[in-house]
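Chemist:
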Amino acid sequence: MVCSTSRLKMLLLLGLLSGFLPVVGMELVGGAKSGSDHAPKTEPLPSSSASNCSDLTVKLEFSTKVVEHEYIISFTGYFSANARSLYIRSALRNAADGSLEWHIVPRENPASDFPSDFELVHIRQASPGSLLTLEDHPYIKRVTPQRKVFRMLKYTASPEPAAPGNTTRSWQSSRPFRRTSLSLGTGFWHATGRQSSRRLLRAIPRHVAQILQADVLWQMGHTGSGVKVAVFDTGLSEKHPHFKNVKERTNWTNEKTLDDGLGHGTFVAGVIASMRECQGFAPDSELHIFRVFTNNQVSYTSWFLDAFNYAILKKIDVLNLSIGGPDFMDHPFVDKVWELTANRVIMVSAIGNDGPLYGTLNNPADQMDVIGVGGIDFEDNIARFSSRGMTTWELPGGYGRVKPDIVTYGSGVRGSGLKEGCRSLSGTSVASPVVAGAVTLLASTVQNRQLVNPASMKQALIASARRLPGVNMFEQGHGKLDLIRAYQILNSYKPQASLSPSYIDLTESPYMWPYCSQPIYYGGMPTIVNVTILNGMGVTGRIVDKPIWQPYLPHNGDHIDVAVSYSPVLWPWAGYLAVSISVAKKAASWEGVAQGHVMVTVASPAENNSESGGELTSTVKLPIKVKIVPTPPRSKRVLWDQYHNLRYPPGYFPRDNLRMKNDPLDWNGDHIHTNFRDMYQHLRSMGYFVEVLGSPITCFDASQYGTLLMVDSEEEYFPEEITKLKRDIDNGLSLIIFSDWYNTSVMRKVKFYDENTRQWWMPDTGGANVPALNDLISVWGMAFSDGLYEGDFTLADHDMYYASGCSIARFPEDGIVIAKTLKDQGLEVLKQETAVVEGVPILGLYQTPSDGGGRIALYGDSNCIDDSHRQKDCFWMLDALLQYTSYSMTPPSLSHSHSRVTPPTGAERPLPQRLEGNHLYRYSKVLEAHLGDPKPRPLPACPHLSWAKPQPLNETAPSNLWKHQKLLSVDLDKVALPNVRAYKPQVRPLSPGESGAWDIPGGIMPGRYNQEVGQTIPVFAFLGAMVVLSFFVVQLTKAKSKPKRRKPRIKRPTYLQQQSTTTGSSGTTTTAAAATATGKNPTV
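Be aware that the sequence shown starts at 6, since it is given in the numbering used here, and climbs by one per residue.
And the structure:
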């Protein structure tokens, strides 16, 4: 492709003159847009014009490393520097090693003049005992190592996808995925895949602020005035022409500059508050720039903590944070975010760029008190990169919350360039400042600013959001940002509590996926819906008495039972309401829809002891609607074992596919609605009913289920579980196990140094806990090996890929075993050598000998059903295994396969043993420390729900629960916008010689552009076109209305008449008459 700037300039100019192209910005179909977010090292963002001729792919590299001898000491409150030093000195005086060398690292930032709740201390050769002594001090809350964060974005030409299994990687592992910039370098439109056909992309003629109708609020006089907004990023240049109200720039790094050397911070600030060219939402807001990343994209935990404290001190109203990571247990970062929102700071954060995989939400956007933002493109499709819900904090016993909260434009959004001009970027870090800018603008429209807090703002945003059709709640949250509707709600807002989601409708598809994907029935596991309570009345609150369950008798509400658990304290601004729904016994054979609602009353202390007598109360209603079917047959019911799945955080649990070095952590929850979503959808399409077991094996009635499905299990098993499973399988329950790799030598190879514990971390299990699985199935003479294999093969005419799986080491002699030729991946990891192994047993089928006993199926790899890194699915094989376990139908393609071998006896090599010195007990629900040798805990009691006593209502339920639910019962149709008066935000004119050119992909718009010119060009173009059109219409009308003239008849000359009279010649008369009849003049 050859770029021609002058040619594109001419096309743009001709387009503007002819009216065929939009005035501002355009989408070039087939051309790459400007999409760089960060350049490597100290280089600024790549030029837009320089990237038009090639497709660029952004490669994110993120790593952290501990700072040797430095520790963050967190205190229980804010103390002066002298007091903090005194407490530390007092604590270390009691340390066993009295000769300890230590000193407080001096602060060189604005926070040094104010009290703080932490101190950075340099301790040489600190022993575990001295650190424990520090934590024993009554005013010291926690001691954590100082963390250094590296953030790197590299731009390369798009490579061809490599064939699986044919690439060689270095196996040196590091702990990635702390907190990373959430932006992408690509400028193409990202779609969900549901509209994969070719279509004409719409050109976008306006800025994102105008697309969301911010100009309507500008014309009312609202431009963000009086609102303090903080941008935590890479800084901002002092004399950038786009900003007129930069209140303060602070540097929290070790570089002696306040300027932005990368461009990301400038872009984010521009989306929020640029006053010209690429217009921001709130140009008159007070910008507070916090430079927390260096030009080399390095940051420290202590920098963030100091900057957060300073933001609280400065009474920041809105804070944008375009970073994130999977560690929702990252202390003290998470604690400080809670403290920020408790101080009325509205935090807006990007939800993550790990889509389209589910269960990939980033922290802090996944917190209840933070507004988590996902991304869409300008066609209103969910951006492919945008992370999906649910949250995984609550697993395995509970269920995740709805996130993101809201979505908005995050693909191809234009913002301020590094020095001047504009550029386009994509990513949820782009969507986040769009919402932050909108929040800043909205806050400026409220006269009583005390009504604006993190809860009330989120209530307004989610209540006004426009729901996207065909998209579920874990993709879009509550829908697309609607600025004007949010304005209407905020300006009629009264402090109250609300719920997210505001109703439970298990029949609404697809929005209520996964609840709508499977009806409920008697005897099934309770359906758990995790509802968030938002408390706009105050930072803290409580639920009064107990929630009340009121079934609608005309709508069969008495056919369901409801149990409710909730947060004892709502802080900060939010809490949870867990609703468990089950079918009553009398509806075991009934089919239909049942409805009711739960009433919840929230109380919160009134500020300044207002008229309410010191406490505000708000009662909210949670409508419930479910679809009930008769209990399915046992053969159709599959139980997914969630209880024995562990994930990061808190422990280091590695990925199941060792090829994925850049994503080594197993952090997606291993749930049927996260990274096993496609498998779940497939089973539902095949007619199976899938339920989730979030408690030990001893807590379910095996007679109700055909198959127990265990996939990628990392947890240990209680002895009572092993005994019960043996009894259940003897009585007809079947078992399918998808295992993964486990090799202690490989586990030692992929260790890394952990900055939280200052210890070398090795995986406490492999991809699966094979020794624990072997304990579970040993009673049938079965076991997995510690072999580690990889490769492509064909099974039953299906192409398969074995990704870091183990083999079957032992199997009953009357069972069916399938073996394949694979590569020894363990040898490659340990010695960088390649070897091919023939006859690796990977699949086993066995019918237990007891009368009426169940069947067992083993497979050594789960990657073929895991969405995280699946290359070739094996859903067909899962169908065949379920046919075998549920109906005792042995697949002929397996029983008569040429790959069938004699079952192994296990005599060739010893079975794998647990890694010596592992710390699984720290994160296990089964193990506990016991004199250095972990032992099983006492078996916990099975969870028993306390069903709410129903208070039936004899009334009709609303037919549409979504439209029925309105915040404050506000009818938006009746909330009219005030009279619009002519007002435009002030626009700073261009300085002499200053360039106002647009940085447009494919060329540069000629001439200069500012806000007023941008608004007058289309007006003059329209008026000119109307004048020309009117002229032609008038001319055409005149032409049609003018009367036609009759053609005058030609009189004959006098001398001819006399001649005709005198001659009387008949011949002459005939000739003249003929000439006249033909319309011709006679010849004279």
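Cβ coordinates follow ideal geometry from the N, Cα and C atoms, glycine included.
Hey, how far is the Cα of Pro4 from the Cα of Arg112?
Modeler: Since the first residue of the chain shown is 6 and the last is 1089, residue 4 is not available in this structure.
Chemist: Where does Glu106 sit, in a helix, a strand or coil, going by DSSP?
Modeler: In the sequence shown, residue 106 corresponds to position 101, counting from 1. In this structure, Glu106 counts as strand in the three-state DSSP scheme.
Chemist: When burial is assigned at 16 or more other CB atoms within 10 Å of the CB, is Thr1042 buried or exposed?
Modeler: Working through the sequence shown from its first residue, we reach residue 1042 at position 1037. So Thr1042 ends up on the exposed side.
Chemist: What residue does the alpha helix (DSSP H) around Trp343 start on, and which one ends it?
Modeler: Translated into the one-based positions of the sequence shown, residue 343 becomes position 338. Unbroken alpha helix (DSSP H) run through Trp343: 338-347.
Chemist: Pull the bridge partners of Leu621 from the DSSP assignment, please.
Modeler: For the purposes of this step, residue 621 is taken as the residue at position 616 of the sequence shown. DSSP output for Leu621 lists Ser609 as bridge partner(s).
Chemist: Figure out for me which residue from Val534, Asp706, Glu933, Tyr527 has the closest Cα to the Cα of Ile509.
Modeler: In the sequence shown, the residue the question calls residue 509 occupies position 504. The residue with the shortest Cα to Cα distance from Ile509 is Val534.
Chemist: Alpha carbon to alpha carbon, what distance is there between Gly417 and Leu366?
Modeler: As a working note, residue 366 is residue 361 in the sequence shown. As a working note, residue 417 is residue 412 in the sequence shown. Roughly 22 Å between the two C-alpha positions.
Chemist: Out of Val378, Gly270, Gln302, Thr545, state which residue places its alpha-carbon closest to the alpha-carbon of Gly422.
Modeler: Residue mapping note: residue 422 aligns to position 417 of the sequence shown, counting from 1. The residue with the shortest Cα to Cα distance from Gly422 is Gly270.
Chemist: Whole angstroms are fine: how far does the CA of Val536 sit from the CA of Asp735?
Modeler: Numbered from its first residue, the sequence shown carries residue 735 at position 730. Numbered from its first residue, the sequence shown carries residue 536 at position 531. Distance between the alpha carbons of Asp735 and Val536: 40 Å.
Chemist: Could you compute how far the alpha carbon of Thr961 sits from the alpha carbon of Pro506?
Modeler: Your numbering for residue 961 matches position 956 in the sequence shown. Your numbering for residue 506 matches position 501 in the sequence shown. Their Cα atoms are separated by approximately 22 Å.
Chemist: Quick one: what's got a C-beta closer than 7 Å to Leu778's C-beta in the same chain, skipping five residues either side?
Modeler: Position 773 of the sequence shown, counting from 1, holds the residue named residue 778. Correct list, in chain order: Ser718, Ile742, Ser744, Phe789.
Chemist: Between the stretch 317-325 and the stretch 228-235, do at least 3 Cβ pairs fall closer than 8 Å?
Modeler: Yes, the stretch 317-325 is in contact with the stretch 228-235.
Chemist: Just curious, the alpha helix (DSSP H) that Met462 is in, first and last residue?
Modeler: For this step, residue 462 is matched to residue 457 along the sequence shown. Counting along the chain, the alpha helix (DSSP H) containing Met462 begins and ends at 459-469.
Chemist: Just reading off the beta strand (DSSP E) that Gly844 is part of, what are its end residues?
Modeler: The residue given as residue 844 occupies position 839 in the sequence shown. Note, Gly844: beta strand (DSSP E), 841-852.
Chemist: My output table needs one value for Ser739: the three-state DSSP class, helix, strand or coil.
Modeler: Residue 739 sits at position 734 when you count from the first residue of the sequence shown. Looking at Ser739 - three-state DSSP - the assignment turns out to be strand.
Chemist: How many Å lie between Ile216 and Ala448 at the Cα?
Modeler: Your numbering for residue 216 matches position 211 in the sequence shown. Your numbering for residue 448 matches position 443 in the sequence shown. So the two alpha carbons sit approximately 19 Å from each other.
Chemist: Beta carbon of His293, beta carbon of Lys252: below 7 Å?
Modeler: By one-based count along the sequence shown, residue 293 stands at place 288. By one-based count along the sequence shown, residue 252 stands at place 247. Cβ distance < 7 Å, so His293 and Lys252 count as in contact.
Chemist: Can you grab the Cα-Cα spacing for the pair Glu721 / Asn774, in whole Å?
Modeler: Against the sequence shown, residue 721 aligns to sequence position 716. Against the sequence shown, residue 774 aligns to sequence position 769. Cα to Cα, Glu721 sits roughly 7 Å from Asn774.
Chemist: Can you name, in chain order, every residue of its own chain whose Cβ lies under 7 Å from the Cβ of Val544, other than the five neighbours on each side?
Modeler: By one-based count along the sequence shown, residue 544 stands at place 539. Excluding sequence neighbours, Val544 sits near Ala347, Trp576, Pro577, Trp578.
Chemist: What does the alpha-carbon distance come out to for the pair Phe880 and Gly796?
Modeler: Residue numbering aside, residue 880 sits at position 875 when the sequence shown is read from its first letter. Residue numbering aside, residue 796 sits at position 791 when the sequence shown is read from its first letter. Their backbone Cα atoms lie some 18 Å apart in a straight line.
Chemist: Count the other CB atoms within 10 Å of the CB of Arg642; is the residue buried (16 or more) or exposed (fewer)?
Modeler: Indexing the sequence shown from 1 puts residue 642 at position 637. Buried, by the Cβ-count rule.
Chemist: Would you tell me roughly how many angstroms separate the C-alpha atoms of Tyr492 and Glu399, rounded to the nearest one?
Modeler: Stepping through the sequence shown from its first residue, residue 492 is reached at position 487. Stepping through the sequence shown from its first residue, residue 399 is reached at position 394. If I take the Cα positions, the gap works out to 34 Å.
Chemist: Is the number of C-beta pairs between the stretch 543-563 and the stretch 598-610 that are closer than 8 Å three or more?
Modeler: They touch, by the three-pair rule.
Chemist: Quick check: the Cα distance between Pro438 and Ile78, rounded to an integer number of angstroms?
Modeler: Numbered from its first residue, the sequence shown carries residue 438 at position 433. Numbered from its first residue, the sequence shown carries residue 78 at position 73. Each residue's Cα considered, the two are about 32 Å apart.
Chemist: CB-CB under 6 Å to Asn923, same chain, minus the five flanking residues each way: which ones, in chain order?
Modeler: Position 918 of the sequence shown, counted from the start, is the residue given in the question as residue 923. Here the set comprises Asp769.
Chemist: Hey, Leu688 and Asp646: beta-carbon distance below 7 Å or not?
Modeler: Within the sequence shown, residue 688 is the residue found at index 683, counting from 1. Within the sequence shown, residue 646 is the residue found at index 641, counting from 1. Their beta carbons are not under 7 Å apart, which means Leu688 does not touch Asp646 by this criterion.
Chemist: Confirm, please, whether the CB-CB distance from Thr712 to Lys729 is below 7 Å.
Modeler: The residue you call residue 729 lines up with position 724 of the sequence shown. The residue you call residue 712 lines up with position 707 of the sequence shown. Against a cut-off of 7 Å, the Cβ pair of Thr712 and Lys729 comes out as no contact.
Chemist: So Ile861 and Lys825 are in contact, right, with Cβ under 8 Å, and what is the actual spacing, rounded?
Modeler: Residue mapping note: residue 861 aligns to position 856 of the sequence shown, counting from 1. Residue mapping note: residue 825 aligns to position 820 of the sequence shown, counting from 1. 20 Å between Cβ atoms; not a contact.
Chemist: According to the Cβ coordinates, are Leu832 and Val842 closer than 7 Å?
Modeler: For the purposes of this step, residue 832 is identified with residue 827 of the sequence shown, where counting begins at 1. For the purposes of this step, residue 842 is identified with residue 837 of the sequence shown, where counting begins at 1. In this structure, Val842 does not lie closer than 7 Å to Leu832 by Cβ.
Chemist: Leaving out the 5 sequence neighbours to the left and right, which residues in its chain are closer than 7 Å to Ala470 when beta-carbon positions are compared?
Modeler: Taking the first residue of the sequence shown as position 1, residue 470 is located at position 465. Result list for Ala470: Ile411, His483, Gly484, Lys485, Leu486, Asp487, in chain order.
Chemist: So who's on the other strand from Thr712, going by DSSP bridges?
Modeler: For the purposes of this step, residue 712 is taken as the residue at position 707 of the sequence shown. DSSP lists Val643, Ser739 as partners of Thr712.
Chemist: Measure the alpha-carbon distance for Gly275 versus Asp289 and round it to whole angstroms.
Modeler: The residue labelled residue 275 in the question sits at position 270 within the sequence shown. The residue labelled residue 289 in the question sits at position 284 within the sequence shown. Each residue's Cα considered, the two are about 12 Å apart.
Chemist: Answer yes if the stretch 650-659 comes into contact with the stretch 619-634, meaning at least three C-beta pairs across the two stretches below 8 Å, and no otherwise.
Modeler: No, because fewer than three Cβ pairs between the stretch 619-634 and the stretch 650-659 fall closer than 8 Å, the two stretches do not touch.
Chemist: Run through the DSSP bridge pairs and tell me what Pro150 is partnered with.
Modeler: As a first step, residue 150 is located in the sequence shown; it is residue number 145 there, counting from the start. BP columns for Pro150 point to Tyr76.
Chemist: Assuming the contact rule is C-beta atoms closer than 8 Å, Ser594 and Pro635 should be a hit. Round their C-beta distance to whole Å, please.
Modeler: Within the sequence shown, the letter at position 589 stands for residue 594. Within the sequence shown, the letter at position 630 stands for residue 635. About 5 Å separates the two Cβ atoms, so the contact holds.
Chemist: Starting from the C-beta of Gly692, find all residues in its chain whose C-beta is less than 7 Å away, skip the five residues before and the five after it, and write them out in chain order.
Modeler: Position 687 of the sequence shown, counting from 1, holds the residue named residue 692. Lys641, listed in sequence order.
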